[in-house]
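The opening residue of the sequence shown carries number 681 in this note's numbering; numbering runs sequentially from there.
Below is one structure; the comments refer to it alone.
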Amino acid sequence: MKTEVRRRDFLGTMAGTAAFSVFPLEEEKPELVLHNGNVWTVNAREPRAQAVAISRGRILALGSDADVLHLATATAKKIDLGGATVLPGFIDAHSHPAQAGVMHLRMVDCDLRSIAAIQSAMRERAAKTPAGEWVLGFKYDDTKTSDGRPLKIEDLDAAVPDHPVHIQHRGGHTVYCNSLAFQKAGITDKTPDPAGGKIDHDPATGKLSGRAAESASELFNKVIPDRITRDDHREGVKLISKMLAKTGITSATEAQGTPTDLLAYQDAHEAGELLCRAYCFINYHYIDSMIAAGVRTGLGDDWVRVGAMKLVCDGSISERTARLSTPYEGRPNDYGILVMTEEELYTYGKKAHLAGWQIGTHSNGDVGIDTTLRVYERLQKENPRRDPRFRLEHCTMINDDLVARIKALGAIPTPFSTYVYYHGEKMRFYGQERLNHMFALRSFLDAGIRATQASDYPPGEFIPMMALQSEVTRTDMKGNVWGPKQKITVEEAIRVGTINGAYASFEENLKGSLEAGKVADLVVLGRDPLKEDPSTLVTIPVERTMASGKWTFEA
Ligand SMILES: [Zn+2]
């Protein structure tokens, strides 16, 4: 079977009618033909194919080898896939790539499995850093080192005595520092806790333990020099887009973007360094100037596009501040927090809604989701828009009523894809009953809601194969099962990670499935996830990733 793109469809998706006179379709020949593949298209009309013909970054035709190979003229490059599995490129619908990229550029990645490993990584960076300058780390997770205790000030002093050391926890709410860093921040054993923060002490000696939480980290932020240039932001995007491409991701959403991030994506793209398409949300703080400049959701091109306005309703799941209707396990008076009031959400939401923006609101707990839905329902009632595609960022803890309202509104949830697998140990604070209502892909899909794959990197891992395993098995890396009622099939998880992500950014006609006329964004895998034991999905190697017909990663 073969679908060759019809002339009008193909040209209709190109940049305007000028393409018609310059490149008549009679001369449209593929530059590249991938053949002998096991292609899962995520297109219900033609779910399987063997070969894909690509021209100028788009899919020209796909079908059997016999049907597609004959299109290849002498100049076309042919690649024999040797039976390898091909899927559409994955779409990460909520993460923080530009911001993470800058962190990777300046900081040591402390996602390591022992204190000794962290010490040696910090020591190595210090050796390349002039004495007295800060050595920074991030992604440290005290629950993931083999030592069974958190980092202490002595560990960091022993590793790096002559530089101030500052390491952020993966969750982003606590920091771990050495003696020189505390000295530079003006903190002694006697310094009182600032409002809304905590400086930890060794209970036996009363001396600083090395850890500071919440607003206490501001004391360090004041003295760590902020020397991030426009070039650094571009370099950060270059670096992170390379990391994403390596795992099979071809599009990502910057979920809390700023004008600086938007510029960084444009700079990287112009320099030919952007390997992953970006849908760049804009934080509500900047919405007035954006609207004044005539900018709204959708402005941009296939590579860099303005996304939704971002609002924040409640707190976090991993750090247990999401707003719940029933208290956290073992903390009878703790229901989590609301970050913005309903009236504030409505005021900003109305501005954006009237100006034609999509809105994405961070809403984790059932109370947070309820509040956000009430705001969206009111906006639609007062000023109905045909297809606003309201987004519920994370949308973690649901019930039947919330699901029905999400469906009625046509809203899009972006639940954490890898939390069950990667952060399972943090889920016990919710209890098994509630886990069956969290990251609730089964409930969303059964209701006909187009939920997405979303890593929230850096807090969550972005590897798509890990997302598949997490969503299909609901099992963490130690073998514990969390909320088994929400299991979905591998095929469903692939749809969630591809076409649903495209829909969430109004780009379902551009990408998210392999169809003639769409961009040639795909991933070549070492094994077929549909034939794999679900407990080993995460080990499937990515052999190559392609975006717009060019390899963005080759193993
Ligand atoms: Zn986020």
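For glycine and all other residues, C-beta sits at the position ideal for the given N, C-alpha and C.
Subject >> Runs of alpha helix (DSSP H) wholly within the segment 1041-1084 (minimum 4 residues, chain order) >> reply: 1046-1062
**OP:** Identify, in the order they occur along the chain, each residue of the same chain with its Cβ nearer than 7 Å to the Cβ of A780, setting aside the five sequence neighbours on each side.
**Re:** I920, Y1137, P1138
**OP:** Helix, strand or coil for T854, going by three-state DSSP, please let me know.
**Re:** strand
Original post:
Run through DSSP, which three-state label would S969 get?
Top reply: helix
Subject >> 4 or more residues per run - each alpha helix (DSSP H) lying fully within the segment 829-891 >> reply: 833-839, 859-864
Subject >> M694 in three-state terms, based on DSSP >> reply: Because the pLDDT at M694 is just 40, under 50, the model does not fix this residue reliably, and the point stays unresolved.
Subject >> Per-residue DSSP class, three states only, for I1168 >> reply: coil
Original post:
Is the closest heavy atom of ligand 1 to the C-beta of M1136 under 7 Å?
Top reply: Reading off the sequence, residue 1136 comes out as Asp, not Met. Correct: D1136 has its Cβ closer than 7 Å to ligand 1.
**OP:** Identify the continuous alpha helix (DSSP H) that holds P1093 and give its terminal residues.
**Re:** Note, P1093: premise wrong, no alpha helix (DSSP H); beta strand (DSSP E) at 1092-1094.
**OP:** Counting only the same chain and skipping the five closest in sequence on each side, list residues whose C-beta sits under 8 Å from that of R1175.
**Re:** V722
Subject >> Continuous alpha helix (DSSP H) stretch holding G1179: start and end >> reply: For the sequence presented, residue 1179 should be read as Ile rather than Gly. Where I1179 is concerned, the enclosing alpha helix (DSSP H) stretches over 1179-1184.
Original post:
Closest to L643 by CA distance: which of G980, A752, G952, G937 is it?
Top reply: Lying before the first or after the last residue shown, residue 643 is absent from the chain, which here runs from 681 to 1235.
**OP:** State the CB to CB distance for the pair T1098 and G1140, rounded to an integer number of angstroms; the pair is presumed to be in contact (CB under 8 Å).
**Re:** 5 Å
Original post:
Would the beta-carbon of H1103 be found less than 7 Å away from any heavy atom of ligand 1?
Top reply: no
Original post:
Using the rule of at least 16 other Cβ atoms within 10 Å of the residue's Cβ for burial, across every protein chain shown, is T1041 buried or exposed?
Top reply: buried
Subject >> Alpha-carbon spacing of A1147 relative to P872, whole angstroms >> reply: 43 Å
Original post:
Any heavy atom of ligand 1 closer than 7 Å to the CB of K936?
Top reply: Looking at the sequence provided, one finds Gln at residue 936 rather than Lys. Correct: Q936 has its Cβ closer than 7 Å to ligand 1.
Subject >> Three-state secondary structure assigned by DSSP to N901 >> reply: helix
**OP:** Assign D835 to one of two classes, buried (16 or more other C-beta atoms within 10 Å of its C-beta) or exposed (fewer than that).
**Re:** buried
**OP:** Just the C-alpha distance for G987 and S998, rounded to the nearest angstrom, thanks.
**Re:** 25 Å
Subject >> Sequence-distant residues of the same chain with beta carbon closer than 7 Å to I795, five excluded per side >> reply: T825, D827, L831, D835
Subject >> Anticipated Cβ contact below 8 Å, A1131 with F1124, distance rounded >> reply: 4 Å
**OP:** Just mark T1021 as buried or exposed, buried being the case when its beta carbon has 16 or more other beta carbons within 10 Å.
**Re:** exposed
Original post:
To the nearest angstrom, how far is it from the Cα of A892 to the Cα of N716?
Top reply: 56 Å
Original post:
DSSP three-state call for V702: helix, strand or coil?
Top reply: Only weak support exists for where V702 lies, its pLDDT of 37 falling under 50; the coordinates are left without a value.
Original post:
For ligand 1, is there a heavy atom less than 7 Å away from the beta-carbon of H965?
Top reply: no
Original post:
At a cut-off of 7 Å, is H853 close to ligand 1 when judged by its beta-carbon and the heavy atoms of the ligand?
Top reply: no
Original post:
Can the beta-carbon of G1045 be found less than 8 Å from the beta-carbon of L1089?
Top reply: no
**OP:** Could you check how far apart the C-beta atoms of R985 and A1035 are, in whole angstroms? I think they sit under 8 Å.
**Re:** So it is not a contact: roughly 16 Å between Cβ atoms.
Original post:
If you count every other CB in all the chains shown that lies within 10 Å of the CB of E1151, and 16 or more means buried, which is it?
Top reply: buried
Original post:
Whole-angstrom Cβ separation of L942 and C960, contact assumed at under 8 Å?
Top reply: 5 Å
**OP:** Between the Cα of G817 and those of H1033, I929, N858, spot the shortest distance and give me the residue it belongs to.
**Re:** N858
Subject >> Best match in L1194, N1189, K1106 for proximity to D822 [C-alpha to C-alpha] >> reply: K1106
Subject >> Rounded C-alpha distance that separates M681 from A1127 >> reply: For M681, the predicted structure reports a pLDDT of 43, less than 50, and the residue's modelled location is therefore unreliable. The matter cannot be settled from this model.
Original post:
Which one of Q1038, S1185, P1144, A1091 has the shortest CA to CA distance from T933?
Top reply: S1185
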